[in-house]
Amino acid sequence: MITVVSSVIILGVIGIFFGACLAYASKIFYVQLDPRVEKIAESLPGANCGACGAAGCFSYAEGVVEGAFPANGCIPGGKDVATIIGGIMGCAVEELTPMKAVVNCKGGKKEARQKFEYMGVQDCKAAMLLAGGNKACEYGCLGFGNCVNVCQFQAITMGENGLPIVYPELCTGCGLCVKACPRGVISLIPQSQKIYVGCVNPEKGKAVKAVCEVGCLACGICANKNNNPSGDIVMEGGLPKISYQDNLRILPGATKCPTGTYVIDVTYPPVTYNQEKCNGCEGKPKPLCVKICPAKGCLTFDAERKKAVYDSSLCVGCELCISECPVVAFK
Amino acid sequence: MQRTIVQEFTKGIGSENPIFRLVLGLCPTLAVTTSLLNGLGMGLAATFVLLCSNTIVALIKGIVPPKIRIPIYIVVIATFVSITEMVMAAYTPDLHKALGIFVPLIVVNCIILGRAEAFAGKNGVFRSMIDGLGMGAGFTVALCTLATIREILGDGKLLGYPVMGQSFEPVLLMILPAGGFFVMGLLMAALKMKDLRADAMKRAQAIAEK
Amino acid sequence: MDIKVIFLIIIYSILIQNFVLSRFLGLCPFFGCSQKLSSAVGMGLAVIFVMVLASAITWILYTYLLDPATSVMGYMTANGVPPDLTFLRTIAFILVIASLVQFIEMFLQKKVPPLYRALGIYLPLITTNCAVLGVAVLNIDGFSAIGLNGKLTFLQSLVQGFAGGVGFLMVLVLMAGLREKLDLATIPESMKGIPVAFIMGGLMAIAFMGFSGLSI
Numbered sequence: 005m006i007t008v009v010s011s012v013i014i015l016g017v018i019g020i021f022f023g024a025c026l027a028y029a030s031k032i033f034y035v036q037l038d039p040r041v042e043k044i045a046e047s048l049p050g051a052n053c054g055a056c057g058a059a060g061c062f063s064y065a066e067g068v069v070e071g072a073f074p075a076n077g078c079i080p081g082g083k084d085v086a087t088i089i090g091g092i093m094g095c096a097v098e099e100l101t102p103m104k105a106v107v108n109c110k111g112g113k114k115e116a117r118q119k120f121e122y123m124g125v126q127d128c129k130a131a132m133l134l135a136g137g138n139k140a141c142e143y144g145c146l147g148f149g150n151c152v153n154v155c156q157f158q159a160i161t162m163g164e165n166g167l168p169i170v171y172p173e174l175c176t177g178c179g180l181c182v183k184a185c186p187r188g189v190i191s192l193i194p195q196s197q198k199i200y201v202g203c204v205n206p207e208k209g210k211a212v213k214a215v216c217e218v219g220c221l222a223c224g225i226c227a228n229k230n231n232n233p234s235g236d237i238v239m240e241g242g243l244p245k246i247s248y249q250d251n252l253r254i255l256p257g258a259t260k261c262p263t264g265t266y267v268i269d270v271t272y273p274p275v276t277y278n279q280e281k282c283n284g285c286e287g288k289p290k291p292l293c294v295k296i297c298p299a300k301g302c303l304t305f306d307a308e309r310k311k312a313v314y315d316s317s318l319c320v321g322c323e324l325c326i327s328e329c330p331v332v333a334f335k
Numbered sequence: 758m759q760r761t762i763v764q765e766f767t768k769g770i771g772s773e774n775p776i777f778r779l780v781l782g783l784c785p786t787l788a789v790t791t792s793l794l795n796g797l798g799m800g801l802a803a804t805f806v807l808l809c810s811n812t813i814v815a816l817i818k819g820i821v822p823p824k825i826r827i828p829i830y831i832v833v834i835a836t837f838v839s840i841t842e843m844v845m846a847a848y849t850p851d852l853h854k855a856l857g858i859f860v861p862l863i864v865v866n867c868i869i870l871g872r873a874e875a876f877a878g879k880n881g882v883f884r885s886m887i888d889g890l891g892m893g894a895g896f897t898v899a900l901c902t903l904a905t906i907r908e909i910l911g912d913g914k915l916l917g918y919p920v921m922g923q924s925f926e927p928v929l930l931m932i933l934p935a936g937g938f939f940v941m942g943l944l945m946a947a948l949k950m951k952d953l954r955a956d957a958m959k960r961a962q963a964i965a966e967k
Numbered sequence: 002m003d004i005k006v007i008f009l010i011i012i013y014s015i016l017i018q019n020f021v022l023s024r025f026l027g028l029c030p031f032f033g034c035s036q037k038l039s040s041a042v043g044m045g046l047a048v049i050f051v052m053v054l055a056s057a058i059t060w061i062l063y064t065y066l067l068d069p070a071t072s073v074m075g076y077m078t079a080n081g082v083p084p085d086l087t088f089l090r091t092i093a094f095i096l097v098i099a100s101l102v103q104f105i106e107m108f109l110q111k112k113v114p115p116l117y118r119a120l121g122i123y124l125p126l127i128t129t130n131c132a133v134l135g136v137a138v139l140n141i142d143g144f145s146a147i148g149l150n151g152k153l154t155f156l157q158s159l160v161q162g163f164a165g166g167v168g169f170l171m172v173l174v175l176m177a178g179l180r181e182k183l184d185l186a187t188i189p190e191s192m193k194g195i196p197v198a199f200i201m202g203g204l205m206a207i208a209f210m211g212f213s214g215l216s217i
């Protein structure tokens with residue numbers, strides 16, 4: 005009996021003693037915490053990616069309450085999280101365009117030349133320390149996967165050809181891979197943009213051709229007024245610069261590229277051609293539609309029958325021919 | 758997402774196995790799996806504690822103030838561990854001696870406190886009991902797997918009975934600490950290989966559907 | 002005060018019977034907290050601090066309240082013989098450790114916030130670190146390898162707590178250094194992360210086995 009009584013007393017005393025110590029300590033070491041910080045922190049994805057500019061999700065929550073960060077600063081969280089934070093802070097939230105990461109390089113192991121065989125640390129930054137990397141092109145993707153390692157959302161993997169593959173459905177546009185790439189090959193574009201330039205080499209002509217089959221030669225064909233009537237593509241330095249409005253506006257210029265440097269991730273339905281209406285654009289050396297069509301071999305001129313010949317399997321759906329044809333033979 | 762009762766039990770053995778998936782409770786795992794009997798004993802002891810603590814925590818979760826819930830859970834778990842310790846010392850003294858310091862260390866086994874905090878503190882009594890049984894079963898299965906490999910390779914015996922032929926030279930390293938690390942590492946690698954394959958298939962399926 | 006015994010405790014706890022690689026105590030933070038060198042050092046130092054304090058307080062509690070041979074509880078009983086409360090050891094020790102860690106958490110949050118944020122979730126996890134409760138129990142159970150078959154003295158307990166913590170810190174730092182290098186190596190995808198860390202731990206355990214032949 006005495007054992008029971010004494011054990012109850014002992015444990016009770018220990019418990020009360022330490023409880024009192026902790027209670028006293030919590031008074032001395034009291035840290036003021038705004039309850040809103042906790043609520044905001046709970047609504048965040050918790051990936052600590054740093055896209056908001058804060059050092060982790062909890063710092064962002066603290067910053068929002070202090071007023072240092074906007075309520076829509078969490079990019080991976082998107083609209084849902086921004087609405088919740090706006091509700092907690094009691095402020096209106098403006099919508100941000102959803103972004104995605106794209107790899108601006110098409111020069112994989114098949115297309116780009118290697119300077120030497122590299123057997124060092126499998127890290128892009130480390131590879132660059134050795135004679136500027138094992139790729140002949142001094143600007144392109146090295147393929148050791150710094151971007152893959154840093155992604156918190158499993159949205160990027162290394163492809164077979166030595167180029168990273170981004171899954172836009174999983175990409176939140178947080179920008180960690182953009183910062184991780186030592187050559188700046190990855191950039192953020194709006195989710196809706198499906199056509200972009202697959203090269204970051206600013207050199208021109210032979211210098212690029214020597215190092216990569218699909219590099220941009222800065223020939224300017226894509227930016228040419230005939231191929232790019234909307235004017236959305238402009239040559240800047242040795243690379244095209246796209247002011248994105250709509251994919252269809254950039255499509256003709258992108259298709260006309262002789263080296264296939266553009267990444268075109270969208271397909272449009274082919275136009276329908278009514279050959280009877282065609283009058284061969286009499287009086288002109290070449291029919292207007294054949295001249296404007298960016299897809300090689302899609303529209304050709306049959307000189308004997310004086311009509312344009314259309315191959316629907318090669319059509320990219322840019323619809324330039326529709327506006328060009330004087331007799332409206334296309335739809 | 759409500760799970761069925763059967764799923765509550767089997768998740769502890771498969772998808773949420775405390776050792777292979779949640780990577781909790783590593784200390785007893787590597788220490789006591791030198792023989793199948795020890796592994797089984799530890800697994801059963803931990804299951805008993807897990808079951809009892811989950812039940813009690815689920816019962817008292819309504820009246821426990823949230824700020825001091827962790828120390829209270831710890832005291833509940835410690836009580837059951839003390840009971841287990843004394844029962845083992847009395848009825849299975851050999852096992853108690855073999856497990857040594859790891860019997861009182863069941864208290865700090867992350868699995869038990871983790872389940873009390875994550876599950877029993879938020880769910881009903883019956884579900885908590887099933888979860889406790891499932892997690893305990895998963896823990897026991899993992900311990901037995903490791904123990905079987907280590908005992909057969911390191912001693913040529915299973916449960917004390919010789920199972921390998923006369924000419925078998927046991928690899929002593931297997932029942933030493935290093936062997937435990939190696940076997941665990943290789944098992945985790947095999948599991949990760951299976952996971953990667955499943956992930957790749959899932960990703961391919963998701964892309965194909967888009 | 003036997004200097005040789007103190008020295009033996011230190012050498013055994015750090016090298017010959019290292020808490021992590023030989024005794025299997027403290028494995029969860031060993032694999033969980035060793036990805037970066039900075040967090041490994043912070044964790045190791047915090048654990049040393051907790052182990053020393055826990056050793057001290059639990060020893061005092063056990064000696065003067067629980068152990069019938071030295072308890073002051075004799076005043077409670079009618080015949081002056083203190084009750085044998087050693088079965089309360091587990092509960093009392095873990096209560097002490099949980100309170101201690103809670104206290105340190107509060108202290109760090111107020112006085113050293115950067116360290117508090119750096120340790121993050123690993124600070125409350127020191128409560129469930131097998132090494133801390135383990136060393137408290139080992140102080141009571143004795144150190145048979147060096148001939149101490151009963152409870153250790155107060156000083157010996159403190160030394161075991163400190164040396165065990167130092168051994169833990171050393172192995173944690175070694176593992177963190179190795180893992181940082183492994184991050185850059187070409188390893189098969191299925192081995193990356195935890196599996197190769199276990200293999201490294203195994204190799205380290207073999208290396209430390211070399212100390213077992215040490216006779217002082």
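Protein chains in written order, with the numbering used here: chain A, 5 to 335; chain B, 758 to 967; chain C, 2 to 217.
Every residue, glycine too, gets a C-beta built ideally from N, C-alpha and C.
Every value quoted in this text rests on a predicted model; they were computed, and no experiment measured them.
Item                                                                                                                                                                                   : Value
Taking all protein chains shown into account, decide if V73 (chain C) is buried (16 or more other Cβ within 10 angstroms of its Cβ) or exposed.                                        : exposed
Whole angstroms is fine: what's the gap from S216 (chain C)'s alpha carbon to A146 (chain C)'s?                                                                                        : 11 Å
In the segment 760 to 797 of chain B, which residue ranges form an unbroken alpha helix (DSSP H) of at least 4 residues, counting only runs that do not cross its ends?                : 762 to 768 and 783 to 789
Using the beta-carbon of each residue, which ones in chain C are nearer than 8 Å to I246 (chain A)?                                                                                    : Going along chain C, no residue has its Cβ under 8 Å from I246 (chain A), so there is no contact; the nearest lies around 36 Å.
Applying the 10 Å Cβ sphere with the 16-neighbour rule, what's the burial state of V238 (chain A)?                                                                                     : exposed
Output the residue ranges of the beta strand (DSSP E) runs that lie fully inside the segment 195 to 226 of chain A and measure 3 residues or longer, sorted by chain position.         : 199 to 201
Is L66 (chain C) buried or exposed, if buried means 16 or more other CB atoms sit within 10 Å of its CB?                                                                               : buried
Can you tell which of A:A59, A:V201 and A:P274 has the C-alpha that lies nearest to the C-alpha of S247 (chain A)?                                                                     : A:V201
With DSSP as the reference, please indicate the residues paired to E966 (chain B) in a beta bridge.                                                                                    : Answer by DSSP bridge pairing: none, since E966 (chain B) is not bridged.
Which one or two residues does DSSP pair with V13 (chain C) in a beta bridge?                                                                                                          : A quick correction: the sequence has Tyr, not Val, at residue 13 (chain C). Beta-bridge pairing links Y13 (chain C) to no other residue.
Which residue from B:Q962, B:V940, B:G769 and B:C784 puts its Cα closest to that of F199 (chain C)?                                                                                    : B:V940
Take A177 (chain C) as the anchor and find which of C:I15, C:L16 and C:V42 has the nearest alpha-carbon.                                                                               : C:V42
DSSP three-state call for S191 (chain A): helix, strand or coil?                                                                                                                       : strand
Heavy atom of the ligand FAD less than 8 Å from the Cβ of K229 (chain A), yes or no?                                                                                                   : Questions concerning the ligand FAD fall outside what the structure shown contains, since it holds no ligand whatsoever.
Would V898 (chain B) and I195 (chain C) be called neighbours here (beta carbons separated by less than 9 Å)?                                                                           : no
Indicate the three-state DSSP secondary structure (helix, strand or coil) for P291 (chain A) in the structure shown.                                                                   : coil
Using a Cβ-Cβ cut-off of less than 7 Å, list which residues of the segment 103 to 116 of chain C approach chain A; keep chain order.                                                   : Q103, F104, M107, F108, Q110 and K111
Strictly below 7 Å CB to CB, what residues from chain C border G137 (chain A)?                                                                                                         : The premise fails here: G137 (chain A) is roughly 16 Å from chain C at the closest Cβ pair, so nothing lies under 7 Å.
Could you check how far apart the C-beta atoms of G143 (chain C) and S14 (chain C) are, in whole angstroms? I think they sit under 8 Å.                                                : Not confirmed; about 14 Å, so no contact.
Got a sec? Which residues, its chain only, sit under 7 Å from V212 (chain A) by beta carbon, not counting five neighbours each side?                                                   : N205, G219, C220 and L221
What does F305 (chain A) pair with, by DSSP beta-bridge criteria?                                                                                                                      : A:A312
Just to confirm the assignment: which complete alpha helix (DSSP H) runs, minimum length 4, are found wholly within the segment 814 to 854 of chain B?                                 : 826 to 848
Within the same chain, show all residues whose beta-carbon is closer than 7 Å to that of N231 (chain A), passing over the 5 residues directly before and after it, in chain order.     : I225, P256, G257, K260 and P298
Tell me which residues share the same chain as S158 (chain A) and place their Cβ nearer than 7 Å to its Cβ, disregarding the 5 neighbours each side in the sequence.                   : Looking at the sequence provided, one finds Gln at residue 158 (chain A) rather than Ser. Cβ neighbours of Q158 (chain A) beyond the five flanking positions: L174.
Helix, strand or coil for V170 (chain A)? Go by DSSP, reduced to three states.                                                                                                         : strand
Determine the direct distance from the alpha carbon of S885 (chain B) to that of N774 (chain B), and round the result to whole angstroms.                                              : 16 Å
Please report the distance separating the alpha-carbon of A922 (chain B) from that of I906 (chain B).                                                                                  : For clarity, residue 922 (chain B) is Gly in the given sequence; the question names Ala instead. Roughly 16 Å separates the two Cα atoms.
Would G16 (chain A) pass as an interface residue toward chain C - the criterion being a Cβ-Cβ separation below 9 Å?                                                                    : no
Beta carbon of V860 (chain B), beta carbon of V882 (chain B): below 9 Å?                                                                                                               : no
Taking Cβ positions only, does I92 (chain C) come closer than 9 Å to chain A?                                                                                                          : yes
Would you please verify whether the beta carbon of V213 (chain C) is less than 9 Å from any beta carbon of chain A?                                                                    : Before going on, a small fix: residue 213 (chain C) reads as Ser here, not Val. It does not: the Cβ of S213 (chain C) has no partner Cβ on chain A nearer than 9 Å.
Leaving aside the five residues before and after L808 (chain B) along the sequence, list all residues of the same chain whose C-beta is less than 8 Å from its C-beta, in chain order. : M886, G889, L890 and G893
Taking only the alpha-carbon atoms, compute the straight-line gap between C784 (chain B) and G135 (chain C) and give it to the nearest angstrom.                                       : 11 Å
In chain E, what lies closer than 7 Å to V35 (chain A) by C-beta?                                                                                                                      : This model lacks chain E altogether, as its protein chains are A, B and C.
Determine the contact status of E217 (chain A) and G242 (chain A), defining contact as a CB-CB distance below 9 Å.                                                                     : no
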